[in-house]
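So the sequence shown is numbered by numbering that gives the first Met the number 0: it starts at 0 and just counts up by one.
Here is the structure we will look at.
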Amino acid sequence: MKNNAEINGMVFLNRFSKYTKSQIIRRWVQLLFLAVICFIGFMFIRFAGSLENGILPKVERPAGVEAFLPISALVSLKYFVLTGIVNDVHPSALVIFLIICATTVFVRKGFCAYICPFGLLSEYLYFLHCKIFKNEIRLPALFDAILRSIKYGLAGVFIYLIFFRMPVPVIEEFIHSPYHILADINMYRFFTDISPTALSVISGIGLMSVLIRNFWCRYLCPYGALLGILSVISLGRIQLNRSCCKDCGKCEKVCPGQIHIRQGQAAFSFECSACLQCVHACPEKGALKYFFPVKRSSIGSMGIALIFLAMFTTGITFAKLTDHWKSRISNEIYFYHMMTEGMLKKTYR
0 MKNNAEINGM
10 VFLNRFSKYT
20 KSQIIRRWVQ
30 LLFLAVICFI
40 GFMFIRFAGS
50 LENGILPKVE
60 RPAGVEAFLP
70 ISALVSLKYF
80 VLTGIVNDVH
90 PSALVIFLII
100 CATTVFVRKG
110 FCAYICPFGL
120 LSEYLYFLHC
130 KIFKNEIRLP
140 ALFDAILRSI
150 KYGLAGVFIY
160 LIFFRMPVPV
170 IEEFIHSPYH
180 ILADINMYRF
190 FTDISPTALS
200 VISGIGLMSV
210 LIRNFWCRYL
220 CPYGALLGIL
230 SVISLGRIQL
240 NRSCCKDCGK
250 CEKVCPGQIH
260 IRQGQAAFSF
270 ECSACLQCVH
280 ACPEKGALKY
290 FFPVKRSSIG
300 SMGIALIFLA
310 MFTTGITFAK
320 LTDHWKSRIS
330 NEIYFYHMMT
340 EGMLKKTYR
């Protein structure tokens, strides 16, 4: 007799064994970017930790940390559009944001499925979900649609406040304010000195992500919502060949976006992240593929991975060559603002 753990393990393996091998390239890309993010995080912890202790850092501040400053990126985008000037306080925030937005032209909101660390975490929490529950928990369609509107509402609020309520003088004042200069330090302190309320909210989202697949990504992430909207211009789309489709429904069972693929909705859905799980799960050759109508050709996970690597490499290299990558804020200015804001752990000597 098999115990419950063995049975759950077999269900878990059964559910994923048929297509995980085809997803290995995507997983390696996710892990590669996670390794880069961890390295950036490690370097920034050393940088911020030195400042907190009243010591000017000997390590260079990693510019890549600004990838986690999307508000700064949106403010910088409006400032750049209206003035032609790249914000020199957190320039790489804008650079990375523009690169990510540019990828939607080719791979929809593939950033969520190939690069975003929260997307990767959500997938592993879903693996845990599959170990606990025999069948995936899905919310009723109406309730699901109402909850999905939250992330679009949040994205809309940020866009409205920044693009319609902030004139250039206000933006300039914000960019050079201590709050914006120390935005990365405040992000660091949010986690190192996390409040009980914030910890409870994060824990709650984590728990809900175990109960409901991609809870954060599907219902709350405004970044993903914005990329989903931008994906309407994407050249790449999931194409369904109805003559080959046997209507087995396997594609819809594995789709993290819960898209009605058999109805052809994947081609235009804001929820499609080009993860290709539906393509790899389909037992009928030619029924599903990721297709570029302009070139009349299809690509797989390797092609999408190469697009991401090429666009990030090209974009970051161009930013470095044009001196729009590193912040012009010196360590001394960082230290001064941290001291005046009372953020040092001990008196500077």
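A virtual CB, placed ideally from N, CA and C, is assigned to each residue, including glycine.
* Secondary structure of Q257, DSSP reduced to three states -> Coil.
* Asked: Thinking C-alpha only, which one of I232, L160, C281 is nearest V253?
  -> Checked all of I232, L160, C281; the closest Cα to V253 is C281.
* CB I149 to CB Y78, shorter than 7 Å? -> Using a Cβ distance threshold of 7 Å, I149 and Y78 do not count as a contacting pair.
* Asked: In chain order, which continuous runs of the beta strand (DSSP E) of length 3 or greater are located wholly inside the stretch 25-73?
  -> Runs found: none.
* L275 in three-state terms, based on DSSP -> Residue state for L275 is assigned as coil, using DSSP reduced to three classes.
* **Closest by C-alpha distance to V209, when choosing among I24, A286, L124** => If you compare the alpha carbons of I24, A286, L124 with that of V209, the shortest gap goes to L124.
* Look up I359 in the DSSP assignment and say whether it is helix, strand or coil. => In the structure as shown, the chain starts at 0 and stops at 348, and residue 359 therefore has no counterpart that could be examined.
* Asked: Between N86 and the rest of its own chain, which residues show a CB-CB distance below 7 Å, the 5 nearest in sequence each way excluded?
  -> Closer than 7 Å at the Cβ level, and outside the excluded window around N86, lie S75, Y78, L93, I174.
* Report buried or exposed for R137, applying the criterion of at least 16 other Cβ atoms within 10 angstroms of its Cβ. => By the neighbour-count rule (16 or more Cβ atoms within 10 Å), R137 is not buried but exposed.
* Reduced DSSP secondary structure (H/G/I, E/B, other) of I114 -> Of the three classes helix, strand and coil, the one that applies to I114 here is coil, per DSSP.
* Asked: DSSP on R236, reduced to helix/strand/coil?
  -> Strand.
* Nearest-angstrom Cα separation, counted from G152 out to F290 -> Roughly 31 Å separates the two Cα atoms.
* Among I170, I237, I95, which one has its Cα closest to the Cα of P292? -> Among I170, I237, I95, the Cα nearest to that of P292 belongs to I237.
* Asked: Nearest-angstrom Cα distance between G83 and K133?
  -> Looking at the two C-alpha atoms, the distance is approximately 55 Å.
* Would you call the stretch 45-60 and the stretch 159-172 touching, i.e. three or more CB-CB distances under 8 Å? -> When Cβ pairs closer than 8 Å are counted between the two stretches, the stretch 45-60 is seen not to touch the stretch 159-172, the count staying below three.
* Tell me Y289's beta-bridge partners as DSSP assigns them. => BP columns for Y289 point to I237, I298.
* Asked: Would you report the Cα separation of T316 and P61, rounded to the nearest angstrom?
  -> If you take the alpha carbons of T316 and P61, they lie about 15 Å apart.
* Nonlocal neighbours in the same chain, by C-beta distance under 6 Å from N13, ignoring five residues either side -> With a pLDDT of only 47 at N13, under 50, the local geometry of the prediction cannot be trusted, and the value read off the model is given with reservation. Correct list: empty, nothing qualifies.
* **Under the three-state DSSP convention, the category E270 falls into** => In this structure, E270 counts as coil in the three-state DSSP scheme.
* Asked: If you draw a straight line from the alpha carbon of C244 to that of L287, how long is it in whole angstroms?
  -> Distance between the alpha carbons of C244 and L287 is about 8 Å.
* Asked: Secondary structure at M165, three-state DSSP: helix, strand or coil?
  -> Annotated three-state conformation of M165 is coil, per DSSP.
* Asked: By Cβ distance below 8 Å, which residues in the same chain neighbour I260 in space, the five residues on each side in sequence not counted?
  -> Within its own chain, the residues whose Cβ lies closer than 8 Å to the Cβ of I260, once the five positions on either side in sequence are excluded, are I237, L239, C250, E251, C254, C277, L287, listed in chain order.
* Asked: Looking at V64 and S326, is the spacing between their C-beta atoms short of 7 Å?
  -> Not a contact, by the Cβ cut-off of 7 Å.
* Asked: What residue range is occupied by the uninterrupted alpha helix (DSSP H) comprising I99?
  -> Here the alpha helix (DSSP H) through I99 covers 90-106.
* Asked: Hey, L33 and P116: beta-carbon distance below 7 Å or not?
  -> Judged by their CB atoms, L33 and P116 are nearer to each other than the 7 Å cut-off.
* Run through DSSP, which three-state label would S202 get? -> Here S202 carries a helix assignment [DSSP, helix/strand/coil].
* With 16 other CB atoms within 10 Å as the buried threshold, where does Q262 fall? -> Q262 comes out exposed.
* Could you spell out where the alpha helix (DSSP H) holding I84 opens and where it closes? => Note, I84: premise wrong, no alpha helix (DSSP H); not H, not E.
* **F96 and A112 closer than 7 Å at C-beta** => Cβ distance not < 7 Å, so F96 and A112 don't count as in contact.
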